[in-house]
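Quick notes on the structure that follows.
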Amino acid sequence: MNINRVEIDPARPLAELTATVNALCDETEKAAGKTAVVLHLASSSGDSPWPGEIGVSAVNRWERAVRRLERLDAATVVVAEGVCAGPALDLLLAVDFRVGVPGLVVNLPVNDGHFWPGMALYRLVQLLGVRRARQLVMWGADITLARALELGIVDRSGDGVEEAVRAATALTGHLADRETALRRQLISEAATADYDEALGIHLAACDRELRRLHTAAAACADQAVKAAS
6 MNINRVEIDP ARPLAELTAT VNALCDETEK AAGKTAVVLH LASSSGDSPW PGEIGVSAVN
66 RWERAVRRLE RLDAATVVVA EGVCAGPALD LLLAVDFRVG VPGLVVNLPV NDGHFWPGMA
126 LYRLVQLLGV RRARQLVMWG ADITLARALE LGIVDRSGDG VEEAVRAATA LTGHLADRET
186 ALRRQLISEA ATADYDEALG IHLAACDREL RRLHTAAAAC ADQAVKAAS
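Taken in order, the sequence shown gives residues 6 to 234; the numbers are from the numbering used here.
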């Protein structure tokens, strides 16, 4: 199994962070075999306005890079420490599994008293539901690790990158790379699609999975015959 490990420094300029995420996606998409991505989010300063003095085109490029990470055919894991804010929060919310180091504080993006209306807001609603997301956005206090675990913003408390690597290894063992993005899509759409609409989508996914399993079984049988001869 391949594990792509990258450290993200949220203090770097947004253009540099965008390039880093895109480069990671390029490398992951070219990898052969099962792959996991582990992002180590260094502590943010916590007091810098997000996203700073940039144009909306730069924000768009960043959001597209995060979405690309979110849709990779690979298991994605984050380990976050210190203050998780700004671009680190975007990445935290976009992955499959989130590990928080003791002492972690999730700092929601508020500028001049207003919550930043980027896609972190969308992902909070997807993750927590409208009621809890509204409470965070309207009352916006920092979120401790204990509270983040309770809400489901963080999945596990751990000591660092090695914990994230173990989680990535376990997660990848349950997924076939090319099917990972499809499973995410099914989970996301289940919240809004009605039953009849969802049934067709899920049956198509089941047919795809049955074909994959049949191909894998045929390949194993062929290898057994070759080994016996």
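Yeah, the Cβ is synthetic: ideal placement off N, Cα and C, and Gly gets one too.
- Contact between C89 and S49 holds, since their C-beta atoms are separated by about 6 Å, short of 8 Å.
- As the crow flies, the alpha-carbon of L74 is around 13 Å from that of R10.
- Taking the C-beta atoms as reference points, R103 is found no nearer than 8 Å to D147.
- DSSP places V166 in the helix class (H, G or I) of the three-state scheme.
- Contact check between the stretch 53 to 70 and the stretch 85 to 101: three or more CB pairs, one atom from each, fall below 8 Å, which counts as touching.
- Around the CB of R128, 16 or more other CB atoms lie within 10 Å, so the residue is classed as buried.
- In this structure, A63 keeps its C-beta atom at 8 Å or more from the C-beta atom of D95.
- Within the model, the alpha-carbon separation for Y200 versus L133 is close to 22 Å.
- Straight-line spacing of the CA atoms in A172 and V83 works out to 10 Å.
- The alpha-carbon of A85 is positioned some 7 Å away from that of A47.
- Residue pairing by DSSP places G105 opposite A85 and S162 in a beta bridge.
- Per DSSP, the unbroken beta strand (DSSP E) holding E12 starts and ends at N7 to I13.
- Within its own chain, no residue has a Cβ closer than 7 Å to the Cβ of W144 once the five positions on either side in sequence are excluded.
- Excluding sequence positions up to five before and after V142, its CB lies within less than 8 Å of the CB of L113, F120, L126 and L129, all in the same chain and listed in chain order.
- If one requires a minimum length of 3 residues, the beta strand (DSSP E) runs lying completely within the stretch 97 to 156 are 102 to 105, in chain order.
- T40 is bridged by DSSP to N7.
- Rounded to whole angstroms, the separation of the alpha carbons of T23 and E167 is 25 Å.
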